[in-house]
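> When you line the sequence shown up against my numbering, it's residues 58 to 164, in that order.
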Amino acid sequence: LDLGLQGKASLTAAMDHLIDCLCDGIVPPEWIRRSSPSLRSLGPWTADLGVRMAQLQRWLDNFPAAPGCVWLAGLFHPQAFLAAILQTHGARNGWPLEHTTATAEVS
Numbered sequence: 058l059d060l061g062l063q064g065k066a067s068l069t070a071a072m073d074h075l076i077d078c079l080c081d082g083i084v085p086p087e088w089i090r091r092s093s094p095s096l097r098s099l100g101p102w103t104a105d106l107g108v109r110m111a112q113l114q115r116w117l118d119n120f121p122a123a124p125g126c127v128w129l130a131g132l133f134h135p136q137a138f139l140a141a142i143l144q145t146h147g148a149r150n151g152w153p154l155e156h157t158t159a160t161a162e163v164s
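#1: Which of the three DSSP states is assigned to Ile83 in this structure?
#2: For the 8 Å Cβ check, are there 3 or more pairs between the region 102 to 116 and the region 127 to 137?
#3: Would you grab the beta carbon distance between Ala161 and Leu143 for me? Rounded to a whole angstrom, and I think it's under 8 Å.
#4: Does at least one heavy atom of the ligand SAH sit under 7 Å from the Cβ of Asp81?
#5: Let me know if Val163 comes out buried or exposed under the rule of 16 or more other beta-carbons within 10 Å of its beta-carbon.
#6: Given Asp81, which residues of its chain have a CB within under 6 Å of its CB, disregarding the five upstream and five downstream residues?
#7: Which ranges does the beta strand (DSSP E) cover as unbroken runs of at least 3 residues, wholly within the region 70 to 122, from first to last along the chain?
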């Protein structure tokens, strides 16, 4: 995109569409397909993405320790995270997965 804007490459239809979305404050559909679903406009969407990425970075910085607190809504696929917790704890304790449950405290 940068080369196209500098005139060093031809702008494709996809690049033109991206420019239109950014100028209109709309999250490009290509970005939505690779992230979590959202109805937010571009500004709030990018701010939310930054917070989500910061949570993931904190996990990486403290790896392999498990996080003590998780912002579930900030995950890209919270159901998979919860399923992984059940599978890990069930396997660690020798429990069948169908008998493993989770409880949550909302704060």
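Don't be surprised by glycine CBs; every beta carbon is placed ideally from N, CA and C.
In this structure, then:
#1: As a first step, residue 83 is located in the sequence shown; it is residue number 26 there, counting from the start. DSSP, reduced to helix, strand and coil, places Ile83 outside both helices and strands of the structure shown, so it counts as coil.
#2: The region 102 to 116 vs the region 127 to 137: in contact.
#3: As a first step, residue 161 is located in the sequence shown; it is residue number 104 there, counting from the start. As a first step, residue 143 is located in the sequence shown; it is residue number 86 there, counting from the start. Taking C-beta atoms under 8 Å as the contact rule, Ala161 and Leu143 fail to qualify, at a distance of about 12 Å.
#4: Absence of the ligand SAH from the depicted structure is noted, as is the absence of any ligand whatsoever, leaving it without description.
#5: Numbered from 1 along the sequence shown, position 106 holds the residue referred to as residue 163. An exposed status is given to Val163, since fewer than 16 other beta-carbon atoms sit within 10 Å of its beta-carbon.
#6: For the purposes of this step, residue 81 is taken as the residue at position 24 of the sequence shown. Same-chain partners within the cutoff: there are none.
#7: Those beta strand (DSSP E) runs which fall completely within the region 70 to 122 and span 3+ residues do not exist here.
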